[in-house]
Structure formats: C-alpha cells, structure tokens
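Below is one structure; the comments refer to it alone.
In the working numbering, the protein residues as written are 908 to 1159.
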C-alpha cells in the first residue's frame, strides 16, 4: 500500500512517489526504497512501521533513526503509525541531515484489502505538520491559547512551510494534561469554509448563532494555569488527520 499510495500532505502535487520500495529485514527498519525529489535527484528512504495497536513513541523513532544513519545511510526516514505520542514531534528534529517524517496511517489499513478496494488508495499515508500555537499570560494570571496555523512538511522537497488556520477544521485544548490521556476541556472550530451550515444540516436542528460564534475562534477562553504544569493542544484538519502538541508551562 505504501509503494502504491506514496506519502501525501494536504496538496496533491506534493505527494512523494517511490521509484522503488522493498521489504528490509532490519531491527527497526522494515522497508527501504528510492524516490526522486523535485530537483530530479534520487534519494534513499527508509521506512519504520509502528505498532498495530498503540502509539508510536519517541523511543521507536530514536532506535529507527540510529539504524538509518548507520552504514551508507539514508536521506529520509518515514515512521508510519496509526497514532503518535506528542513527544515524537520533538524527537524527529534531532537527527541533522537525516530527515525524519511521521506519517499517519489511515485506519482503513487495519481493516484489510477488501475495504481498501472500495475506499481506494487516497490519503492512506499522510504527513501532517506541527501546530503553531502561542500561549499567552493574561493580567489576571490566567492563560489563553491562540492557534496561528500548522507547519506543513513537503515530502518532495524536505521543506517546511507555514499554513494558515484555513487548513484546520477544529482544535481542542486539555488545560490539565497528565502526559497520558487527552481530555477535551476546550473545543474550537475554524477553517476557511465556515462549517456552521454543514453542522446545522448534520444536526438537522437550529443552532444558537451566538453560541456557535463563540466556538468559531482561533483564540481560547482564559483558563487557569495547569496544576500538572502541562497543556496539550490537538489539531484536526479537514481530512481527519490529527496532531497533538504539548506545552510545559513550568518551563515557560
């Protein structure tokens, strides 16, 4: 499926297509292959596939990256998983010339080939960037979170670009994150195509427009400083891909 579908972000023209992809009997690496970047250069890629059940954590990324830089080495390490630990976003930045890309696998892949024949190969392996969030302290000591967009990775060039909140469908905040379970305490909706009418049709009921307008925002309501010292923000795009970013308030 990876050989056939490649790696995508939210733009069709930025899909990474493999020229070759073969199974590899490594300890942490499961496939190796080649792809051609936008400059026409051939690049080597390694693939690590995460657990069928559970999340991909920073330790898995670390071990796969260590294996990928041995010997001749690779230009790109793709770590595939159904879900990712929020600490992975920091771990992938630590390997210099080796670009490490987390790729979220579509849950349809766990359902077998029969379902994939009906749904097609689109959006099976998606690269979703890191949210650009600013935590601000208010005069009364409370905090607010503002989302400014998402950093999108282009797998064909290795470049990271900023995108606006237009690509974000909704975002959630856990203002007392315990480092394990994400609990939605604040929910906000955004996006270029305001989803008010779609939600109204889906619910088949009238919605309080004043209440809805308070939810349709890129800035949260003020909240108390977390007792756990941690805040987590989860962002979901229009394709249903999600990313989680954690903030340690004690460290600033």
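Think of the CB as a built atom: it goes at the ideal place given N, C-alpha and C, for glycine as much as any other residue.
Here the structure is a predicted model, which means the values were calculated and not measured.
field: Nearest-angstrom Cβ-Cβ length linking residue 1032 and residue 914, presumed shorter than 8 Å
entry: Contact flag correct, Cβ pair sits at about 5 Å.
- prompt: What does DSSP give as the partner residues of residue 1149 in its beta bridges?
  reply: For residue 1149, which the question treats as bridged, DSSP gives the partners 1143.
field: Span separating the alpha-carbon of residue 940 from that of residue 918
entry: Spanning the alpha carbons of residue 940 and residue 918 requires a straight line of approximately 23 Å.
query: DSSP on residue 1097, reduced to helix/strand/coil?
result: Coil, per DSSP.
message: For residue 1070 and residue 980, I'd like the C-alpha separation in whole angstroms.
response: Taking the straight line from one Cα to the other gives about 31 Å.
query: When you compare only the Cα positions, how much space is there between residue 1005 and residue 1150?
result: Roughly 22 Å separates the two Cα atoms.
Nearest candidate by alpha-carbon position, reference residue 958, set 952, 967, 951 and 950: The residue from 952, 967, 951 and 950 with its alpha-carbon nearest to that of residue 958 is 967.
message: So for residue 1092, helix, strand or coil by DSSP?
response: Taken through DSSP and simplified to helix, strand or coil, residue 1092 comes out as coil.
task: Go to residue 998, then tell me how far its alpha helix (DSSP H) extends in each direction, as first and last residue.
output: 995–998 is the extent of the alpha helix (DSSP H) around residue 998.
message: Could you check whether residue 1040 and residue 1054 sit closer than 8 Å to each other, using their CB atoms as the reference points?
response: Yes.
query: What span of residues does the beta strand (DSSP E) with residue 1116 cover, start to end?
result: Annotation: residue 1116 is outside any beta strand (DSSP E); the continuous alpha helix (DSSP H) that includes it extends over 1116–1122.
- prompt: Exposed or buried, residue 1014, counting other C-beta atoms within 10 Å across all chains shown (16 or more means buried)?
  reply: By the 16-neighbour rule on beta-carbons within 10 angstroms, residue 1014 is exposed.
- prompt: Considering only residues of the same chain and omitting the five flanking positions on each side of residue 1201, which have a CB-CB separation below 8 Å?
  reply: As shown, the chain starts at 908 and ends at 1159. That puts residue 1201 outside it, with no answer to give.
field: C-alpha distance - residue 1087 paired with residue 1138, whole-angstrom precision
entry: Approximately 12 Å between the Cα atoms of the pair.
- request: Return the residue from the list 1148, 1145, 1140 and 1011 that minimises the CA-CA distance to residue 1156.
  value: Of 1148, 1145, 1140 and 1011, the residue nearest in Cα terms is 1140.
query: Anyone know if the C-beta pair for residue 1003 and residue 974 falls short of 8 Å?
result: No, these two residues do not count as a Cβ contact at 8 Å.
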